[in-house]
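**Q**
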Amino acid sequence: KAGVTQTPRYLIKTRGQQVTLSCSPISGHRSVSWYQQTPGQGLQFLFEYFSETQRNKGNFPGRFSGRQFSNSRSEMNVSTLELGDSALYLCASSFIGQGTDTQYFGPGTRLTVL
Amino acid sequence: DAKTTQPTSMDCAEGRAANLPCNHSTISGNEYVYWYRQIHSQGPQYIIHGLKNNETNEMASLIITEDRKSSTLILPHATLRDTAVYYCIVRVANAGKSTFGDGTTLTVKP
């Protein structure tokens, strides 16, 4: 099976702009989670979508939003970008069912805000 | 999710076994122990997970103590490519989220 894919891999934006990142989960996986990784804060959970519904949400401002489509692909959007939003954004997909759900991560999108 | 405690860094000689400890003394009965590793600027890679019993796969072995308050990840024959940050996570099944700590930076030396 193909792994989790994220596009684009690298992105440069300026303050005040908005950005949309995309994540395609492993085939059959209906849960997609998003994480932000920065040198200062480490890996932090943003939100999780399952069957097009947000199930979990981390402690991030409303500028960070997401959605999931019927094919389980997910997008996250960051509006009014700030310098501190520069980070590696990771998505992970998992199969929700019997037993436990192992999350598999994509390669990430490196966002630089200037 | 229960909190985990890992040493900040460890060294291991190439070809020797790397034993990475993790303390999760507040783990609940329905929480699994997961291990991931992350090589610089790449996405975390799943290694192994377990609930109560010891587990082994092609990458590593996971030893969980009987009281489940701690675990050890064992890389049987470490190579230079095993140099990475290793994360121990405790989470309930189907929760959809993981709480990452700072992990252990493992450096495998020739």
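First to last, the protein sequences are chains A and B.
Going letter by letter, the first sequence gives residues 56 to 169 in this note's numbering.
Going letter by letter, the second sequence gives residues 36 to 145 in this note's numbering.
Ideal placement from N, C-alpha and C gives every residue a C-beta, glycine not left out.
Quick check on this structure: which residue in B:102, B:70, B:78, B:75 has the alpha carbon closest to the alpha carbon of residue 94 of chain B?
**A** In the second sequence, residue 94 of chain B corresponds to position 59, counting from 1. Checked all of B:102, B:70, B:78, B:75; the closest Cα to residue 94 of chain B is B:70.
**Q** Going along chain C in order, which residues have a C-beta closer than 8 Å to the C-beta of residue 119 of chain B?
**A** The question asks about chain C, but that chain is absent: this structure's protein chains are A and B.
**Q** Are there three or more Cβ pairs, one per stretch, closer than 8 Å when the region 153-166 of chain A is compared with the region 39-52 of chain B?
**A** No: fewer than three Cβ pairs fall under 8 Å.
**Q** Step through the CB atoms of chain B and report whether any lies within less than 8 Å of the CB of residue 169 of chain A.
**A** By 1-based counting over the first sequence, the position of residue 169 of chain A is 114. Judged by the 8 Å Cβ criterion, residue 169 of chain A is not in contact with chain B.
**Q** Would you mind working out which of A:114, A:157, A:147 sits nearest residue 163 of chain A, comparing C-alpha positions?
**A** Taking the first sequence and counting its residues from 1, one reaches residue 163 of chain A at position 108. Of A:114, A:157, A:147, the residue nearest in Cα terms is A:147.
**Q** In or out: residue 62 of chain B buried (at least 16 other Cβ within 10 Å) or exposed?
**A** For this step, residue 62 of chain B is matched to residue 27 along the second sequence. Looking at its Cβ environment, which holds 16 or more other Cβ atoms inside 10 Å, residue 62 of chain B is buried.
**Q** Measure the C-alpha to C-alpha separation of residue 90 of chain B and residue 145 of chain B and round it to an integer number of angstroms.
**A** The residue given as residue 90 of chain B occupies position 55 in the second sequence. The residue given as residue 145 of chain B occupies position 110 in the second sequence. Whole-angstrom Cα-Cα distance: 28 Å.
**Q** Where does the unbroken beta strand (DSSP E) through residue 41 of chain B begin, and where does it stop?
**A** Mapped onto the second sequence, residue 41 of chain B falls at position 6. It is not in any beta strand (DSSP E) - residue 41 of chain B carries neither H nor E in the DSSP assignment.
**Q** Do we get a CB-CB distance below 8 Å when we pair residue 133 of chain B with the residues of chain A?
**A** Within the second sequence, residue 133 of chain B is the residue found at index 98, counting from 1. Yes - at least one Cβ of chain A is within 8 Å of the one on residue 133 of chain B.
**Q** At which residue ranges does the region 96-140 of chain B contain complete beta strand (DSSP E) runs of 3 or more residues, listed in the order of the chain?
**A** Fully enclosed beta strand (DSSP E) runs of 3 or longer: 96-99, 105-110, 119-127.
**Q** Reducing DSSP to helix, strand and coil, say where residue 139 of chain A ends up.
**A** Along the first sequence, read from residue 1 onward, the residue named residue 139 of chain A stands at position 84. Three-state DSSP puts residue 139 of chain A in a helix.
**Q** Exposed or buried, what is residue 116 of chain A when buried is set at 16 or more other beta-carbons lying within 10 Å of its beta-carbon?
**A** Taking the first sequence and counting its residues from 1, one reaches residue 116 of chain A at position 61. Classification for residue 116 of chain A: exposed.
**Q** Is residue 76 of chain B close to chain A? Criterion is C-beta to C-beta, closer than 8 Å.
**A** Start at 1 with the first residue of the second sequence, and residue 76 of chain B comes out as number 41. Closer than 8 Å: yes.
**Q** So the candidates are A:81, A:138, A:122; which of them puts its Cα closest to the Cα of residue 131 of chain A?
**A** Translated into the one-based positions of the first sequence, residue 131 of chain A becomes position 76. Of the candidates A:81, A:138, A:122, the one whose C-alpha sits nearest the C-alpha of residue 131 of chain A is A:122.
**Q** My understanding is that residue 74 of chain A touches residue 166 of chain A, with C-beta atoms under 8 Å, so please give their C-beta distance in whole angstroms.
**A** By 1-based counting over the first sequence, the position of residue 74 of chain A is 19. By 1-based counting over the first sequence, the position of residue 166 of chain A is 111. Indeed they touch by this definition, with Cβ atoms about 6 Å apart.
**Q** At least one CB of chain A closer than 8 Å to the CB of residue 129 of chain B: is that the case?
**A** The count along the second sequence starts at 1 and reaches residue 129 of chain B at position 94. Taking Cβ atoms only, chain A reaches closer than 8 Å to residue 129 of chain B, which makes this a yes.
**Q** For chain A, find out if any of its Cβ atoms is closer than 8 Å to the Cβ of residue 79 of chain B; answer yes or no.
**A** Here residue 79 of chain B corresponds to residue number 44 of the second sequence, with the count starting at 1. Residue 79 of chain B counts as touching chain A.
**Q** In terms of residue numbering, what span does the beta strand (DSSP E) encompassing residue 120 of chain A cover?
**A** Within the first sequence, the letter at position 65 stands for residue 120 of chain A. That run of the beta strand (DSSP E) goes 119-123.
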